[in-house]
Structure formats: structure tokens, C-alpha cells
Amino acid sequence: MKFSVNPKIFEKFPGVEIGVLVITGMDNQGYNGEILNLLRAEEKHQKEILTGVELGTLPEISAWRRIYKSFGSGGDYRSSVETLLRRARGGMKPLPNINNLVNLYNFLSLKYHLPAGAEDLDKVKGSISLTFSKGEEKGVCLGGSTEETCEVGEVIYKDDLGFICRRWNYREADRTKIDKETENAVLVLEKIPEINQCNFQDVLHETGDLVKKLLSAKVDSFILKKGNENAELNLKSGVKINANSRDSDKPQKNISQKSGPFYKKEEFPILGKIKWENISKEKWILKNIIFSAISKIENSGIKATLDDIKIEHPNEKNYGDYSTNFALINASRLRQQPKTLAEKISEVINDMIRRHQSITLQTDSKTIEDNRYLVSDILEKSNIAGQGFINLHLSKQYLISQAVRLLEIEKSVNITQMKNMKISVEYTDPNPFKEFHLGHLYSNVIGEAVSRMLEVCGAIVWRGDFYGDVGM
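Heads up: the sequence shown is residues 1 to 472, going by full-length UniProt numbering.
Below you can see the structure in the form of C-alpha cells.
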């Protein structure tokens, strides 16, 4: 199967980029509450920022209106992203809860003000192309009942049977629609030059990460643009992408995650390569999360580097797994109250968690995939304590993954934090005269596990285990 864009599209509409994600093995059954919550939260967010705003004044919307007018579809027809934003701004009725994948790409479309749509690859016949209509492509639009014929010169997506989306992104065909039974799909996001507040590669990465995490699918992504107009899709071999651009497989060196078009436009600096023996990877990831959060605060005036962010373990467990005093140290020079600054940073971190935003850091690793992280995979929440400490709570999923990783690695882990400390651990010994069950083994298992962990940390452990489970 081939996915291509007519080169004349890029000639007539310079700067346009088509982001394509090929999704295989997806579980689109039922309703995913996490995806629906993301959609509802983004609807609310867009309503807040767009109330009283004429959509035509937004550069990305006015640009799509000009594009539609240029191929004769102006007036009554609007881009899919304008339709979504108009409904969110109105706020009278929530967007329909269609299915998981549709809910997910509607969320991303609202968040980044990018048109998005998807087709069921098992319903597509032949190859897919974005091109100008010859006036002979037919089909039934989603929600329609009568067959339509495309107009000459209209920009359409089509396959061998007819159109699969009319007027570029106005309305998809019913024949190839996504439903709960869909397992393999192609998801398309469209970027125009007027959208310059987000890194398009980042958006594709975030989309792919969410599809993998929330829909248990495999994802390959690529961008079609001038000089790189087509790709071969081989679903049977796990989707092998063969784009015709020599640069298509080169890793992106400076990937920064923006929260949406209304955050400030400033690009993040390229991060230096890290030598892991000098700093724990976990702390480095947390530094990057805090740095990203600081960079997203509108009109903050904060000029910080990663070296300005100190991460430590709080003395009290209730204060989280890690904390930083960045706000306390820097508030005075920024003429802000430490607690106020800490609240702003913590709020952005929690927003990054809710929105499943990702961060990317450059390391000694050769692959970017190894160094891109969903914030929600690392952190459960952030809160503040005292007059400006920012507390970070690691997610249970992350802690479990690290425990599994330690079990899988061959070399032993040497920790000396408790070297030569003498500790006694009391727990039961199994009673050989009765059947083993959880009630009897619970103390045995936990006690032995605690003892081994203490020994790994360097402690000298005396086990007070009592034969026959007596008196415990």
C-alpha cells in the first residue's frame, strides 16, 4: 500500500506538511475513560481561551479559510479543526463520544489546532493519495445517505474506489470510517506554516505515545512534505516505512514539547550529552520535567538552566519521592513570592501529567525513542510544601518498571547508603505442620524481602525468624 501526496499540492500550498501515523493491532473496543477525560478537559480549556474570540482572527484558522477558498470550497465549508474549535467555544453540548481513537485525535486536534482524521486501513482499497479531484471520485460522506461526486479541482484524499475525505479535511467517507472493530488505521495530522508554535515532530511523537499506551497498538510515523511526497506501507511486516527523502530517517536533534498553541513560542535549548555516571538518569529526567514546566509559564521572566534545578530526597515520606527548592532560591530575583512561583510550576507539571505530554532529552544513546518520556509515566502528581518546596511523587507504574528492570539486568546493583548498619528484622518462619497459604506466608515473604533489600543497601541484617510460626 502506498501513501502519497500530489507534488502540485506542495507547490500550490507551500510549507504544508502531512503527518502520518500507521497504527496496527489497536484495541478500540469499549470506552477508555482516560481518553474521554483528556477530550473533556481540552474542550473546557479551549472554551476558556476562545470565549469572545472571533475564530477568523486566529492565523491557523484564517489560513485554512484561504486554502478552502483557493480550490472553490469557501463560504459554507470549514476545516475540521475550525468546526471542533467552534463547538468547544460554544460549550453548549460536549463533542460526541464516538470511539477511543476518534476521541483521542479530536483531543489532539483541539490541543494543537491541527486538523486530524483517521481511516480504517482494512476498509481502504489500494493506495491512499492526497490530490486534486478529477471530478469523478464518488462516495457517501460520514453521516450521509446519498452518493456524492467530488468537484473538479477539489483537494481530496482518495483510494481506488473513490474519495475517503472531501475538501481536504472537511468530511470523511462513511465507507472507511473508524469504529470499535477497527484494528489497523492511518491517522493524519495536517500542519500549515501559520502553525509555528509547536514542533510538528513532537506532536507526532506525543500522538504515537498516546496511541501505544492507551490503545495498546504498534505505531510508525512519518512526515510527507515537498521533496518527500510518498511512502510505502507494508502492514504484514509490521509497517515498514520507505519514504523517498534521504533525510526522513535522520533523528531529530532538538525536540521540545509544547503544551499547545497558546504557550509562549520560545524554543528550548539543545541539551548537552549526559554521562550517566555523573548524575542518575532518574534525577536528570525530573530536572527536564521541571525545566520544561518553567519554560511553559507565560511571561514568567524566568531564565534558568538545568544546572539551576537541584533535586533531592525530602526528609519526610509525605513530601514525595523528590523535591526541589528552585522557587525558594529564585523567587527574590524574579520579584515573586516563593510559594506563588512554586504553585505556578507545580500547576504546569500537573497539567503535563493530565495531558500526557512528553519530554525528550539528548543523551549518549543513539536513538531518540529511548530518550522520550511521557510525564504521566514518570510522575503521579506534584504539590508544594512549606513556603515554596515543589514535591514530586513518582508514579506506581514507573516504580514497578524500575523494579522489573533491576530484576532483568545481569550485573548486580551495588548501593552503599546503609553500609555496615546493623538492623534486625523479625518475621515468621513457615509452619511445616499445616498447609501454606497467604495468611501464613505473608509475613515470611515481606520479612525476607525487606531483609534482602537492606542487605543490598549494605546493611548487616539479623533475621529474627521464629520456627513454626509460633507467637506471631
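Every residue, glycine too, gets a C-beta built ideally from N, C-alpha and C.
Remember, it's a predicted structure, so these values are computed and weren't measured experimentally.
Limits of the alpha helix (DSSP H) - the one that residue i falls within
i    : result
S80  : S80 to G90
N103 : N100 to Y112
F222 : Counting along the chain, F222 falls outside any alpha helix (DSSP H), though it belongs to the beta strand (DSSP E) covering K218 to L224.
G208 : F200 to L215
N230 : Element bounds for N230: not the alpha helix (DSSP H) but the beta strand (DSSP E), N230 to E232.
E11  : P7 to K12
Where residue i falls, given that 16 or more other Cβ within 10 Å makes a residue buried
i    : result
K434 : exposed
S280 : exposed
A116 : buried
T324 : buried
L130 : buried
E17  : buried
A452 : Checking the sequence, you will find Arg at residue 452 rather than Ala. Counting Cβ neighbours within 10 Å, R452 comes out exposed, since fewer than 16 surround it.
A403 : exposed
Y31  : exposed
R66  : exposed
S133 : buried
I49  : exposed
E11  : exposed
F262 : Interpretation of F262 is limited by its pLDDT of 32, a score under 50 that renders its predicted location unreliable; the figure taken from the coordinates is listed afterwards. F262 comes out exposed.
H356 : buried
S358 : buried
S292 : buried
A459 : buried
R167 : buried
N228 : buried
Q417 : exposed
V348 : buried
G90  : exposed
D76  : exposed
N315 : exposed
K296 : buried
G19  : buried
Residue i: first and last residue of the uninterrupted beta strand (DSSP E) it sits in
i    : result
L187 : A185 to K191
V425 : K422 to T428
Distance between beta carbons of residue j and residue i, contact taken as under 8 Å
i    : j    : result
L374 : K191 : Not quite, the Cβ-Cβ distance comes to about 22 Å (not below 8 Å), so this is no contact.
V22  : D220 : 5 Å
V140 : A173 : 7 Å
I345 : I423 : At roughly 38 Å, the Cβ-Cβ gap does not stay under 8 Å, so I345 and I423 are not in contact.
K138 : E147 : 6 Å
L189 : T207 : 7 Å
K44  : N230 : That pair is no contact at about 39 Å.
A88  : L110 : 6 Å
L306 : L392 : Their Cβ separation, rounded to whole angstroms, is 15 Å, which puts L306 and L392 out of contact at 8 Å.
V155 : I9   : 7 Å
L394 : D321 : 5 Å
N103 : L204 : Wrong, their Cβ atoms sit about 18 Å apart, outside the cutoff.
Residues near residue i in its chain [Cβ-Cβ closer than 8 Å; skip 5 each side]
i    : result
L101 : I23, M26, N28, A118, I178, T182, A185, L187, V211 and L215
I353 : V375, S376, L379, E380, K381 and S382
E343 : I384
I61  : L55, S79, V81, E82, L85 and H113
D120 : T176, K177, I178, D179, T182, N184 and A185
D122 : T182, E183 and N184
D446 : Asp is not the amino acid found at residue 446; the sequence shown has Ile there. Excluding positions up to five away in sequence, the list reads Y427.
I40  : Looking at the sequence shown, residue 40 is not Ile but Arg. Closer than 8 Å at Cβ, skipping near neighbours: P94.
N420 : G458, A459 and I460
Q397 : D377
Contact set for residue i: own chain, Cβ-Cβ below 7 Å, skip 5 residues either direction
i    : result
G15  : I192 and P193
G144 : D174
F13  : I67
N169 : S79, S80, P115, G117 and E190
Neighbourhood of residue i by C-beta, 6 Å cutoff - its chain only, sequence neighbours within 5 removed
i    : result
W462 : S424
A327 : P338, L341, A342 and G388
N162 : As written in the sequence, residue 162 is Gly, which differs from the Asn given in the question. E137, K138 and G139.
N288 : I359 and L361
D308 : none
G464 : S424 and E426
Exercise. Would you list, in sequence order, the uninterrupted alpha helix (DSSP H) runs of no fewer than 4 residues that lie entirely inside the UniProt domain "Arginyl tRNA synthetase N-terminal" (284-394)?
Key: 326-330, 338-354 and 375-378
Quiz item: In the region 118-196, which residue ranges form an unbroken beta strand (DSSP E) of at least 3 residues, counting only runs that do not cross its ends?
Solution: 128-132, 155-158, 163-166 and 185-191
Practice problem: Would you mind listing the beta strand (DSSP E) stretches within the region 21-68 that are 3+ residues and don't spill past its ends, in chain order? | Solution: none
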